[in-house]
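Residue numbers (our numbering), protein chains in the order written: chain A, 1 to 156; chain B, 157 to 312.
Even glycine gets a Cβ: it sits at the ideal position worked out from N, Cα and C.
Source: prediction; values computed, not measured.
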DNA sequence: AAAAACCCTTGAGTCGCTACAAGGTCAAGC
DNA sequence: GCTTGACCTTGTAGCGACTCAAGGGTTTTT
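Shown next as structure tokens:
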């Protein structure tokens with residue numbers, strides 16, 4: 001199958017597949033006469049695996065590790081377990097951080113219950129004051145904006 | 157005051173301040189004879205405001221909007237309230253997503269309670285199967301890895 | 001045979017910074 | 001007066017995980 005079909009089947013998109021190839025996550029497929037990438041079922045399985053992992057918010061590096069174990073069935077999977085435990089720890093910590101953030105935001109929101117002149121808006125006032133705790137973040141779970149799974153865009 | 161002192165007072169760092177200036181979030185300060193940026197108290201207040209907002213995981217675009225209202229005290233602050241409500245919505249949604257993610261990860265982890273050969277590891281097996289829901293994410297709150305507030309690095 | 005749809009490569013852009021390089025400026029100490 | 005070292009300047013490259021655009025070639029459909 002060609003790259004477009006693979007993308008459809010895996011719910012991915014074409015650029016992402018080529019990106020994974022560049023990154024060494026997907027093996028380079030064979031080429032057709034016209035220099036098109038030709039994929040087989042194992043490519044689909046591997047891509048699906050990767051997308052599942054990304055769906056679980058793992059980094060490409062973590063996924064690389066997991067793929068290594070998939071390819072070395074005789075090895076001990078203890079590291080897989082550890083990787084997952086650590087990842088779960090990140091998620092749990094991130095949830096806690098976001099809950100603290102939510103509390104702060106709700107408190108801030110409460111300072112301006114109605115619409116008024118910006119000069120007397122309690123929210124803007126609150127943001128100018130101190131007391132907002134900045135917390136260091138040493139894990140790899142992003143903040144509030146962004147980076148979700150990117151899905152192939154819907155036809156319009 | 158010069159940029160280094162401003163950075164210290166705001167708990168930011170020098171490069172970030174110059175970056176905000178380039179991005180139009182901080183007004184260009186005056187310059188000294190030696191072409192140094194010279195800041196006043198209002199710059200400090202403004203930078204502090206920005207850092208607070210970043211501490212609440214707002215994007216620079218959202219912050220731009222809020223700054224606009226700070227500068228137009230006669231305007232109605234309804235949009236400020238809406239912006240905050242929307243932002244809270246993002247956070248709440250993201251928490252829900254991460255909780256679902258945690259559940260999935262725990263389930264997955266349960267499939268391999270001990271260390272064994274990778275070929276029989278229930279985790280790797282689970283990741284190869286379908287059934288992992290990829291959810292579209294239209295808000296701007298990142299997933300599990302990364303993007304926290306960047307803090308000036310500690311002296312070692 | 002022509003048009004549409006697909007594919008190719010290359011390179012740049014996204015966000016919010018961080019960090020480095022190469023150099024200019026300035027106050028203090030010897 | 002000269003060096004040291006802190007501070008400043010501009011400019012550039014890098015992070016992660018893609019995404020998109022330009023400018024072609026190939027295949028499929030009409």
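Member of the options whose CA lies at the smallest distance from the CA of residue i
| i | options | result |
| --- | --- | --- |
| residue 284 (chain B) | A:13, A:4 and A:48 | A:48 |
| residue 227 (chain B) | B:178, B:192 and B:183 | B:183 |
| residue 257 (chain B) | A:120, A:58, A:123 and A:115 | A:58 |
| residue 179 (chain B) | B:218, B:194, B:165 and B:157 | B:218 |
| residue 91 (chain A) | A:55, A:120 and A:79 | A:55 |
| residue 34 (chain A) | A:21, A:17, A:7 and A:2 | A:2 |
| residue 43 (chain A) | A:17, A:65 and A:64 | A:17 |
| residue 67 (chain A) | A:14, A:20, A:10 and A:38 | A:20 |
| residue 242 (chain B) | A:69, A:109 and A:122 | A:109 |
| residue 282 (chain B) | A:84, A:114, A:96 and A:118 | A:84 |
| residue 195 (chain B) | B:249, B:279, B:166 and B:277 | B:166 |
| residue 234 (chain B) | A:104, A:15 and A:112 | A:112 |
| residue 230 (chain B) | A:53, A:94, A:30 and A:119 | A:119 |
| residue 25 (chain A) | A:36, A:53 and A:31 | A:53 |
| residue 163 (chain B) | B:201, B:186 and B:187 | B:201 |
| residue 197 (chain B) | B:161, B:259, B:253 and B:237 | B:161 |
| residue 169 (chain B) | B:186, B:221 and B:206 | B:206 |
| residue 80 (chain A) | B:277, B:185 and B:186 | B:277 |
| residue 245 (chain B) | A:106, A:76 and A:97 | A:106 |
| residue 270 (chain B) | A:76, A:114 and A:69 | A:76 |
| residue 15 (chain A) | A:30, A:32, A:31 and A:37 | A:37 |
| residue 259 (chain B) | A:95, A:30 and A:103 | A:95 |
Residue i - partner residues in DSSP beta bridges
| i | result |
| --- | --- |
| residue 30 (chain A) | A:38 |
| residue 81 (chain A) | None; residue 81 (chain A) has no bridge partner. |
| residue 76 (chain A) | B:273 |
Chain A contact residues for residue i, given Cβ-Cβ distances below 9 Å
| i | result |
| --- | --- |
| residue 272 (chain B) | 76, 77 and 78 |
| residue 237 (chain B) | 109, 112, 113, 114, 115, 121 and 123 |
| residue 158 (chain B) | Near residue 158 (chain B) there are no residues of chain A at all, since even the closest Cβ is about 22 Å away, more than 9 Å. |
Contact list for residue i against chain B, beta-carbon separation under 9 Å
| i | result |
| --- | --- |
| residue 17 (chain A) | Those do not exist, as residue 17 (chain A) stays about 16 Å from chain B at its closest Cβ, beyond 9 Å. |
| residue 84 (chain A) | 261, 264, 265, 268 and 279 |
| residue 66 (chain A) | 279, 280 and 283 |
Contacts that residue i makes with chain A (C-beta to C-beta distance below 8 Å)
| i | result |
| --- | --- |
| residue 168 (chain B) | The premise fails here: residue 168 (chain B) is roughly 10 Å from chain A at the closest Cβ pair, so nothing lies under 8 Å. |
Which residues, in chain order, does the region 86-113 of chain A contribute to contact with chain B at a C-beta distance below 7 Å?
-> Under the 7 Å Cβ criterion, the region 86-113 of chain A contributes 87, 88, 90, 91, 92, 94, 95, 98, 99, 101, 102, 104, 105, 106, 108, 109 and 112.
Taking a Cβ distance cut-off of 8 Å, strictly less, list which residues of the region 184-202 of chain B are near chain A, in chain order.
-> Against chain A - using a Cβ distance shorter than 8 Å - the residues of the region 184-202 of chain B are 201.
Go through the region 159-186 of chain B residue by residue and report every complete run of the alpha helix (DSSP H) that reaches 4 residues or more, in order.
-> Listed in chain order, they are 159-166 and 170-178.
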